[in-house]
Ligand SMILES: Cc1ncc(COP(=O)(O)O)c(C=O)c1O
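Protein chains in written order, with the UniProt record's numbering: chain A, 1 to 554; chain B, 1 to 686.
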């Protein structure tokens, strides 16, 4: 300011009273200027200011103001907003002490509600090994287990056990370090290569937990400002990944391709209107949905993705190892090369009877995650034995397509029995042979022509895809509250266990924490390793239990 | 800073010990001098007691090496080698010869079934220490670790050069080698999958030293590790394996207690578990995948932590990221240490709670912040916070700093916040009974609301746990994301946790009787809540060898780790390196500063210039994992290292330190002096 104000003393017609003030200003300026010249480099600055003043005094003033403003914002940044904000209340130390004394926090956890107690009490405990036939801790009974994911019977496989023991004798158990720091074990790389060549993608990367895979992979790509178009029915882990990414999220109605296109068009319109730079855009869906067993219409999604220039993130945690002639998932089912899905997620726990998750995609997609996906960078690598058993299971399912034909046969049998109490029952004679179902995409199970007469005895409906071994059973005439519905379903579970020695589970939900509360349902996981008789018995038992509990209620 | 808020810290805690301690043991246990005196100090000549001890352990034969090696020569001579040559070259050759099979074959004869390459044999009872708080040593010393000016300037300068060069390469590359940059450039309709700006650091700085990261390995990450040799012909974009392997001394894995092992009692237990249970868990816990093994493990973990109840998860990262959101939400405040782990930040971000950070481990700053947030309340509305959760780590994995727990607990009483301690690195590694920071400081674990930890480190397994009151855990069981939606822990891994944890605790009965001349401290100072595991709670089919069952081996491991940590940390300080961290921390960061020195440090440790030629693998870390200026190398010690191994690390660091000009502090001892006075260094207060 001095530079701008002081030279004005050389002006003419100065009012008398101003003379002494100007004199003081002038001398202050001189001493200030001489002090300035002692700073190295200052002559240049001074010359610049002087010359700029001569050309345009207003500009000097403006520049000085700008500098002052910049300094102020810098300083303000340091105090982190709070103390200087209008909202800040300045308090004396005693007042703070008082406030501290008065503050009563809520308890860390609130009292458990009745529902919580009911949920906890209804968790079954298994004595001994898990698998298709387990011993319940409560009764000591051996029961058929349709609550555990074991599509191809890997859990009890002796071969897997032997592989695990062999690995133990070479590698020990834990990896004791993240992959960046000596946690990259050769068996990890081997599995990554095997699964990518199995799927036909360029590359793959493994994570130590399937749940963490998708919820960390999404935010490693999608950032603030990016656009994600997501199915409303996606699983909880995806919801969490979306939340973390802070991208702009657009929902489309669950598995509704028309709505997807509508949303994509809207986004396009909006972007055209706004202009701006090109952002990353993703569509997120699941292969087989964890929440209801429906299957994505992949050909349509691929078409839309290409048309509107999106990348596709497909969570195949449930469909990998379950769907397709060799268990490659929905890509195999629809004969679409997996490499065309940009980011494909799978689970080695569900699909391969081991543990952990993986993401398959292009070389850059996987390499990027190795360095930028926090669950991969900041977590210890997968124990070696889970990688080798996954490798072994992968080899098995590749060479034994019979595993999947028997799985599909069991699914068909189960669905036919239950369809008796569905609104539209299937006909008894299967229209397609079991092998035809899995090998070819063109004949989905719906081909077994449903009889046209609506069923008066219908009490349930099953939206799950006819080829899905994950089956969700919803009640048709649900009572008023979800809680009541959950209790009815639990009654069905209990009845089934008591009468038929079969356990299934009510689909467990995190009520209150879900983005869109899924309807209560029963969750059944079928297995190809189950005999036809067992499957039939379980299905019949379940049908009886449903009729008994729900029929009575109405 | 912490000290100012509680000036009489030392006196208060010795005069009024926590209720759960027996008073007599406490005062005597609290000084490092006593720590030395109460140890059995076996004279090197009288082998009678030593022999008895060795034989009772069933590990070593009487010809064991008890010498405090003051030079290579003496450490080798006990194995029968002798040094006649006086000239340096002769000596170097002899040493190289003696060390040829050093990593596989111990210098001592042994009958132990555990491979020396996985768990080193070291039976000298003087090389033991008890990890316990000594009130005379500051918990978080605010050391002045400023490097000389020329280091600062050259460090900034090298970053500047890297950045300028990197941008130039990007500029020219994008114009003249478009194909190689295709994935970074937007195409007509797609934005780049990740931006060149965000990945600049990785492509242009990290890539230069990629050779030091993600080195592929095979087999057990124990005392030694097998590297798969690799080379790159395209400037670290791709690596090809050469087909050869290098066995190297491993100071990189988080194998604190040496439980990463393919042989021994725990491995046998895991084997029989696999035969019974297989490896798969089958799905989420709530969907009928809760095995008896899960419940047994949870009971054991609770007992181990001194808590009422616990739950276990299949991934440590997910333990934080799926449980923090179940505890806090809108209207709650999380106060987080600025250096907290990524998984904690992940969880906090998901929770929707407000977050404030405080300066690393600075309890004064925390108190300042607490006063501010409690008095100001929620932003805009000034409504009081529903609850405040302070999230800290027990032992910080990049800094080696220990949580200032005593002051934190004082603050908690005054400010009524809840405490969440992530003991990922401290559980099993710290404290006279290996029970983490509470054990170390003699604080009742029930003072801490949420105890979290992982099994990936000390227990050689995988996964994590949360422990606390029954109300807390029951609530989390219904609200934790992982319990409902993530896979349960694999039975094989549960068994590794049960057997390793059980052997640290000892199983009652039969717990080892307290020997007359034994260092009785850890047994006596064991608060009631840290009792041994109950045999009835372990799986009935679990067969553990006697040394694991009676807790002697667990105790040995704890003490070996404590000795190793203190020894290396003190030794490196004496050699003049600038070091971070507490001396009782098994994570020992050594400051390198200049990023250009990092690859050299890593490579020179692997391809040694010292006469013994033993390769050593270390972890180097730099920005963004650390602040820009303080690039560092990190040693992670293990109970599986022998004293001789630590000697080698000291020698190697000494060589490299001289070449790379890393001894920026004052060197007060030569490396041979350090090695000769190991026990004194460990016992001495700094
Ligand atoms: C403080 C902290 N918390 C959590 C974790 C994650 O544990 P895990 O590696 O078992 O996923 C780590 C691991 O590096 C850690 O350092």
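Heads up, the beta-carbon is just placed ideally off N, CA and C, and yes, glycines get one too. No experiment lies behind these values; they were computed from the predicted model shown.
Since residue i meets chain A, which of its residues come closer than 7 Å, beta carbon to beta carbon?
i	result
residue 213 of chain B	180
residue 413 of chain B	Neighbours of residue 413 of chain B on chain A: none; closest Cβ ~11 Å, over 7 Å.
residue 186 of chain B	278
Within a Cβ cutoff of 7 Å, which residues of the same chain sit near residue i, ignoring the five residues on either side of it in sequence?
i	result
residue 625 of chain B	398
residue 465 of chain A	288, 293, 294, 295
residue 200 of chain B	166
residue 338 of chain A	199, 200, 201, 328, 331, 344, 360
How would you call residue i, buried or exposed, if buried means at least 16 neighbouring beta carbons within 10 angstroms?
i	result
residue 603 of chain B	exposed
residue 216 of chain A	buried
residue 176 of chain B	exposed
residue 232 of chain B	exposed
residue 369 of chain A	buried
residue 554 of chain B	buried
residue 153 of chain B	exposed
residue 319 of chain B	buried
residue 659 of chain B	exposed
residue 142 of chain A	exposed
residue 168 of chain B	exposed
residue 273 of chain A	exposed
Going by Cα to Cα distance, which pick from the options is closest to residue i?
i	options	result
residue 459 of chain B	B:306, B:170, B:479, B:297	B:297
residue 223 of chain A	A:281, A:167, A:196, A:304	A:281
residue 405 of chain B	B:442, B:547, B:417	B:442
residue 279 of chain A	A:321, A:229, A:294	A:229
residue 104 of chain A	B:314, B:383, B:502	B:383
residue 393 of chain B	B:343, B:238, B:678	B:343
residue 637 of chain B	B:663, B:586, B:643	B:586
residue 641 of chain B	B:188, B:128, B:314, B:132	B:128
residue 463 of chain A	A:255, A:116, A:517, A:543	A:255
residue 130 of chain B	B:599, B:408, B:567	B:567
residue 190 of chain B	A:305, A:458, A:181, A:301	A:305
Quick one: list the residues of chain B neighbouring residue i, beta-carbon separation under 8 Å, in chain order.
i	result
residue 186 of chain A	216, 217, 218, 228
residue 176 of chain A	221, 253, 254, 255, 260, 456, 457, 460
Run down chain B in chain order and give the residues with a C-beta less than 7 Å from the C-beta of residue i.
i	result
residue 103 of chain A	374, 384, 416
Excluding the 5 residues flanking residue i on each side, which residues of the same chain have their C-beta closer than 6 Å to its C-beta?
i	result
residue 216 of chain B	228
residue 205 of chain B	162
residue 293 of chain B	491, 494
residue 635 of chain B	251, 588
residue 534 of chain A	144
residue 411 of chain A	469, 526
residue 264 of chain B	114
residue 7 of chain A	Low confidence applies to residue 7 of chain A: its pLDDT is 39, below 50, so where it sits in the model is not reliable enough to give any reading.
Check the Cβ of residue i against every Cβ in chain A and list those closer than 9 Å, keeping chain order.
i	result
residue 327 of chain B	108, 109
Chain B partners of residue i, CB-CB under 9 Å?
i	result
residue 211 of chain A	284, 314, 315, 318, 322, 481, 482, 485, 486, 487
residue 289 of chain A	Residues of chain B passing the Cβ test: none, with the nearest at roughly 13 Å.
Could you pull out every residue in the same chain whose Cβ sits closer than 8 Å to the Cβ of residue i, ignoring the five residues on either side in sequence?
i	result
residue 373 of chain B	333, 335, 356, 385, 388
residue 488 of chain A	475, 479, 549, 550, 553
residue 138 of chain A	124, 125
Find the residues of chain A that neighbour residue i, judging by a C-beta separation of less than 8 Å, and give them in chain order.
i	result
residue 394 of chain B	Going along chain A, no residue has its Cβ under 8 Å from residue 394 of chain B, so there is no contact; the nearest lies around 17 Å.
residue 290 of chain B	123, 124, 125, 126
Beta strand (DSSP E) runs contained entirely in the segment 93-122 of chain A, provided each spans 3 or more residues | Note on the segment 93-122 of chain A: there is no whole beta strand (DSSP E) run with a minimum of 3 residues.
Length-filtered (4 minimum) alpha helix (DSSP H) runs lying within the segment 640-675 of chain B | The segment 640-675 of chain B contains these whole alpha helix (DSSP H) runs: 643-660.
Sequence ranges, beta strand (DSSP E) only - wholly within the segment 356-394 of chain B, length at least 3 | Taking only runs of at least 3 residues, the beta strand (DSSP E) segments lying wholly in the segment 356-394 of chain B are 388-393.
In chain order, each alpha helix (DSSP H) run of at least 4 residues that lies wholly inside the segment 440-518 of chain B | If we require 4 residues or more, the alpha helix (DSSP H) runs fully inside the segment 440-518 of chain B come out as 470-479, 481-485, 491-505.
Run through the segment 135-213 of chain B for me and flag every whole alpha helix (DSSP H) of 4 or more residues, listed as ranges in chain order.
-> Correct list: 149-176, 178-181.
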